[in-house]
(Lines of atoms letter the chains of each structure in order from A and count residues from 1; the text may use other names and numbers.)
(Lines give C-alpha, C1' and ligand atoms only; values in the text may rest on other atoms or scores of the structure.)
Protein backbone atom coordinates (compact mmCIF):
# COMPACT_ATOMS: atom_id res chain seq x y z
CA UNK A 1 0.00 0.00 0.00
CA UNK A 2 1.15 3.58 -0.50
CA UNK A 3 0.59 6.68 1.59
CA UNK A 4 1.77 10.19 2.32
CA UNK A 5 3.66 11.22 5.44
CA UNK A 6 1.53 13.76 7.32
CA UNK A 7 3.62 14.29 10.46
CA UNK A 8 7.09 13.49 11.76
CA UNK A 9 8.14 13.81 15.39
CA UNK A 10 11.88 13.47 14.94
CA UNK A 11 12.68 13.86 18.64
CA UNK A 12 10.39 10.92 19.50
CA UNK A 13 11.23 8.83 16.42
CA UNK A 14 7.61 8.43 15.30
CA UNK A 15 5.53 9.52 12.35
CA UNK A 16 2.03 9.47 10.92
CA UNK A 17 0.97 8.78 7.37
CA UNK A 18 -2.28 8.82 5.43
CA UNK A 19 -2.80 5.59 3.50
CA UNK A 20 -4.44 5.28 0.11
CA UNK A 21 -7.43 3.82 2.01
CA UNK A 22 -7.86 7.21 3.77
CA UNK A 23 -6.85 5.78 7.16
CA UNK A 24 -4.16 7.28 9.36
CA UNK A 25 -1.27 4.97 10.32
CA UNK A 26 1.56 5.47 12.80
CA UNK A 27 5.10 4.20 12.40
CA UNK A 28 8.33 4.15 14.38
CA UNK A 29 11.91 4.81 13.40
CA UNK A 30 12.56 1.04 13.48
CA UNK A 31 9.84 0.46 10.83
CA UNK A 32 11.65 2.54 8.19
CA UNK A 33 13.59 0.72 5.44
CA UNK A 34 15.98 1.87 2.68
CA UNK A 35 16.48 5.38 4.15
CA UNK A 36 17.32 6.97 7.51
CA UNK A 37 14.29 8.12 9.52
CA UNK A 38 15.69 11.67 9.70
CA UNK A 39 15.86 11.83 5.89
CA UNK A 40 12.08 11.43 5.56
CA UNK A 41 10.00 14.55 4.94
CA UNK A 42 6.37 15.44 5.48
CA UNK A 43 4.46 15.14 2.21
CA UNK A 44 6.71 12.35 0.90
CA UNK A 45 5.08 9.30 -0.68
CA UNK A 46 5.95 5.99 0.93
CA UNK A 47 5.08 2.34 0.50
CA UNK A 48 4.23 0.35 3.62
CA UNK A 49 2.55 -2.73 5.00
CA UNK A 50 -0.45 -2.14 7.28
CA UNK A 51 -0.05 -3.70 10.72
CA UNK A 52 -2.18 -4.16 13.81
CA UNK A 53 -4.01 -1.19 15.36
CA UNK A 54 -3.42 1.09 12.36
CA UNK A 55 0.35 0.83 12.52
CA UNK A 56 2.58 0.86 9.46
CA UNK A 57 5.52 -1.51 9.01
CA UNK A 58 8.26 -1.72 6.38
CA UNK A 59 7.89 1.96 5.53
CA UNK A 60 10.08 2.89 2.56
CA UNK A 61 10.15 5.85 0.19
CA UNK A 62 8.65 5.53 -3.26
CA UNK A 63 11.25 6.47 -5.83
CA UNK A 64 10.13 8.28 -8.95
CA UNK A 65 10.75 6.19 -12.06
CA UNK A 66 12.78 7.70 -14.85
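In my numbering, the protein residues as written are 2 to 67. Beta carbons are placed, not taken as given, at the ideal position from N, Cα and C, and that holds for glycine. Only a predicted model underlies this, so the values are computations on that prediction, with no experimental measurement involved.
- Given a length threshold of 3 residues, each whole run of the beta strand (DSSP E) inside the region 29-59 is given here in chain order: 46-51.
- The alpha-carbon separation between residue 39 and residue 25 amounts to approximately 20 Å.
- In this structure, 62 is the residue among 2, 29 and 62 with its C-alpha nearest to the C-alpha of residue 41.
- With a 10 Å radius around the Cβ and a threshold of 16 neighbouring Cβ atoms, residue 35 comes out exposed.
- Residue 61 is bridged by DSSP to 48.
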